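Trainee: One rule links them: number in my numbering = place in the sequence shown (from 1) + 11.
Heads up, the beta-carbon is just placed ideally off N, CA and C, and yes, glycines get one too.
Just so it is clear, the structure is predicted and the values come from calculations on it, not from any experiment.
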Amino acid sequence: MATLITPPTTTLQLHDHLEFPDSGVLSKVLWKDATCQYTLFCLAAGTEISEHTSTRNATVQVISGSGTLTLEGQPITLEPGVFVLMLANAPHALDATTNLAFLLTLSAEG
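1) Can you tell me the Cα-Cα spacing of Leu89 and Leu96, whole angstroms?
2) Below 8 Å on the Cβ atoms is my guess for Ala112 versus Ser65; work out the distance and round it to an integer in Å.
3) In the DSSP assignment, what residue or residues form a beta bridge with Ala99?
4) What distance in whole Å lies between the Cβ atoms of Leu117 and Leu25, which are believed to be in contact at a cut-off of 8 Å?
5) Do you know offhand how far Thr20's Cα is from Ser75's?
6) For Cys53, report the span of its beta strand (DSSP E) as first-last.
Next comes the structure, spelled out in structure tokens:
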């Protein structure tokens, strides 16, 4: 799988890689190794991701846009600067109110 960061490069400007689809989700893996995966997600306004779980701990850091993350039945307003920790196996769903971009980090399985 190709990543956006490859040695010797160690930095990039996330805003330069925001690319919103007309509908649905566009994701780009920034870096992946045996421990973590860092993925930039860009969702078109109106996109919904139905409830699901992950076997890995995760964080969401909102870069731009707005939406709602429902985490274990509790709504969390997403806007730039919001940081969310999701523990493994926590049910969650997502609704993008406007074009929404966030960095998703998945940890090693625990």
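Mentor: Result, derived from the coordinates:
1) 13 Å
2) Ala112 to Ser65, Cβ: 19 Å. No contact.
3) In DSSP, Ala99 forms no bridge with anything.
4) 17 Å between Cβ atoms; not a contact.
5) 24 Å
6) 48 to 54
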